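In full-length UniProt numbering, the protein residues as written are 1 to 902.
Each remark here refers to the structure printed beneath this line.
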């Protein structure tokens, strides 16, 4: 049994486990059991050998394996019961069974009664009794325990009362025997004339025979309070990572004294709801996941680029009302958090004005000395700009988050420290640090192991924040988190892209069919509709609700074809002057048919551009019902993010169809009367998208090797910032709030889903558009057109995009007085002279009032969302930019730009 033989000085847990491992190996050798590497527990099949080398990817590595949702619980169980990390075979077997409905009680019984666990316990028993087991004795004892004919304690009592022990270790009966028991059972040295020794010696001598006397005394000392209390304490530490409360300790001591075993404690504690849900951050008690993001929710993983991996437990994450528990499987494939993640803590009465928190109107103040919040790159010491805001959607302070939003994306794979404090309430009083963080900041050793582990992990952040300007004594909260690596963010789509567009296969056009043409004489354009075939990387038919199909290398694997629609708009001028080629990205939950919208028809005709679009599946019109369902159970969010990636691939294949000689121009619908192509042979491929097409387009231009410049109309990133500020989210809010009625939970979940959404929207790729391109692509120049006061895509999300891209803007970008910002478009360089060669952001102002400063939509005035795309001057600027070698031209007379309301 655990801790039955204790040394005079305490042995640290890690050393105790090393000693136990040595003892176990010794016993195995003595009884003839081979000391092979640890394997799966009883009932778990051996791990299957790998077959073949992993398929090459854009990053040269296989993907992160899909592990069970219950992974962290199983890992903690292995460490607590077997004192080792879970092997992959055991993790897959037991995690899979738990995920499929096996009860925790069944798992706990199997693990605690496994041969490996019982060998550990019995090895300690044999060592305590200085006993060398005979051949077959270990197996017999294991069988007796499993059949409930014996307990660990009864076997120990039997060995301690044996003649081998009494006369071999005792050095004289009965006093020497009692002295030996004190040494080996209670871990302390006593003399034979000690009154306690005399008491027990007299008890032994009073028995009718030596066997009865030794067994009575041995049992009473083994089940004594002095021995059992630390045994129970050790079980609580191993299985719950905390001190045993007095009631729990007395309860389990009593049960062992009545004939139960330490194994019963292990089984019951391991199967408990506390063990299932343990591991929350102790820094902010408002929610398990706060503060967020947080490396508390990661584990070391040498196979990832960051050296860490997110490993969440289901109970940590809010579940929908009346719905299933959260399934963290896909989140547990991330090696860090979103590069654009909102940083969240409970508001706890913090008043931004009294605390001097950097507001959205003065982002520059976040970098000033004395700022009460700092966000620091722990690799470089560089401070990151941000703004802080309270969630204006919360009905009360108890449900309100304090949100720190980075003003540009964080670096992939880097670890950041966040520091807050001192902060004040509305009356100006300093708010004390949360108790959990205060314990860590004090430097006082913590009695609960898991608390101490979090404090140890938090200390580097505390030190980094102090160096950045907030002394430890002034800190309200500090912690750190790691951003996902570039490979983790982009490897899926680059694998799909390389399969389809790489090598010789990419030089042959995909099969396509023209299904119809119609000429619009009034606008001077022709519409062409059709379908094309794309390798399908989704499960099933690829319909809404499908997810990526993964191969043996844990990366997407094609399994059939997907028929995608396309719509093209060709200007009449193409009959005599072949046009440029551009993809077009549609708006929220729309279709590729928007490539023939009125503003596209006018743009195409006026500027000689053929534009083709297909559905951005995942967020196309056919996805609407499934999107609503996902909002009611966000653990299904991979259904949206994975279809987004197939949608990006579909766009790339359509783009290649526009430019290959055997592509669209090989069909008469794309030829003039004499068979000449309507799109110029070898035309550079451009991109133009609006709204969702501007958001998703930020991802497409980063991964499509054929696009070197793109116009992102009324764009933004990221969705988790955008949704609360968009009127487009209004119809979905009722569904979202019904599933997640707590405003604080909703704020947390928006940041959670961003981790997966990064795979399919601009945010996950923004660090690799204009600089540091992804494998297989070059840098891309982008022009962002923003509608001032936009009701649908908040302009602040476009500013974040521009800062991340390093885009510049016209000077001045807005008329005086139009913005409440201390410096409008802070952190964005001004264009000195035109034409400008580079990426840019240009605001188009059609008179809508300035948006609110809170995280709510702008509802004032007319929605200007559609104005830039329809304005003739804006269209000229877009056309100039999309030319081969295009530049940003001044269409606003050297001043701010105004758009005609559409």
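Heads up, the beta-carbon is just placed ideally off N, CA and C, and yes, glycines get one too.
This one's a predicted model, so the numbers in the text were calculated from it and none came from an experiment.
Give me the Cα-Cα distance between residue i and residue j, rounded to the nearest whole angstrom.
i           : j           : result
residue 342 : residue 898 : 32 Å
residue 926 : residue 314 : Past the boundaries of the shown model lies residue 926; the chain is included only from 1 to 902, so the question cannot be answered.
residue 24  : residue 126 : Confidence at residue 24 is low in this model, with a pLDDT of 41, below 50, so its placement is unreliable and no value can be given for it.
residue 848 : residue 870 : 16 Å
residue 867 : residue 886 : 23 Å
residue 614 : residue 546 : 19 Å
residue 194 : residue 166 : 19 Å
residue 499 : residue 787 : 38 Å
residue 225 : residue 256 : 10 Å
residue 813 : residue 362 : 17 Å
residue 380 : residue 891 : 41 Å
residue 63  : residue 725 : 35 Å
residue 902 : residue 875 : 13 Å
residue 375 : residue 155 : 58 Å
residue 861 : residue 818 : 14 Å
residue 365 : residue 702 : 31 Å
residue 104 : residue 502 : 47 Å
residue 280 : residue 450 : 9 Å
residue 858 : residue 270 : 51 Å
residue 249 : residue 218 : 22 Å
residue 522 : residue 682 : 30 Å
residue 777 : residue 434 : 47 Å
residue 618 : residue 609 : 27 Å
Output needed for residue i: all residues of its chain with C-beta closer than 7 Å, excluding positions within five of it in sequence on either side, in chain order.
i           : result
residue 803 : 407, 408, 827, 828
residue 536 : 542, 558, 559, 560, 561, 562
residue 377 : 384, 411, 414, 416
residue 830 : 808, 809, 811
residue 96  : 68
residue 794 : 716, 722, 725, 726, 851
residue 300 : 307, 308
Given a cut-off of 7 Å on the beta-carbon distance, is the pair residue i and residue j in contact?
i           : j           : result
residue 805 : residue 761 : no
residue 143 : residue 150 : no
residue 904 : residue 229 : In the structure as shown, the chain begins at 1 and stops at 902. Residue 904 is therefore absent and cannot be evaluated.
residue 452 : residue 459 : no
residue 393 : residue 147 : no
residue 710 : residue 697 : yes
residue 481 : residue 284 : no
residue 265 : residue 152 : no
residue 627 : residue 593 : no
residue 305 : residue 487 : yes
residue 221 : residue 185 : yes
residue 422 : residue 387 : no
residue 462 : residue 438 : no
residue 700 : residue 646 : no
residue 289 : residue 316 : yes
residue 336 : residue 763 : no
residue 840 : residue 750 : no
residue 405 : residue 391 : no
Residues in the same chain with beta-carbon distance under 6 Å from residue i, minus the five sequence neighbours each way, listed in chain order, please.
i           : result
residue 327 : 69, 635
residue 356 : 372
What are the boundary residues of the beta strand (DSSP E) that residue i is part of?
i           : result
residue 373 : 373 to 377
residue 845 : 840 to 845
residue 785 : 781 to 787
residue 518 : 512 to 520
residue 404 : 401 to 406
residue 344 : 343 to 346
Can you give me the start and stop residues for the alpha helix (DSSP H) that residue i sits inside?
i           : result
residue 627 : 624 to 631
residue 206 : 195 to 206
residue 876 : 872 to 882
residue 138 : 137 to 146
residue 153 : 152 to 160
residue 303 : Taken as a continuous stretch (DSSP letters only), residue 303 belongs to no alpha helix (DSSP H), as it is neither H nor E.
Between which residues of its own chain and residue i is the CB-CB distance below 8 Å, once the five residues before and five after are set aside?
i           : result
residue 733 : none
residue 26  : Bear in mind that the predicted position of residue 26 carries a pLDDT of just 38, short of 50, making it unreliable; the figure below should be weighed with that in mind. Excluding positions up to five away in sequence, the list reads 123.
Stretch pair the region 706 to 722 + the region 742 to 761: three plus CB contacts closer than 8 Å: yes
Could you check whether the region 575 to 594 touches the region 676 to 684, counting it as contact only if at least three pairs of C-beta atoms, one from each stretch, sit closer than 8 Å? yes
Between the region 269 to 289 and the region 75 to 93, do three or more beta carbon pairs fall short of 8 Å? yes
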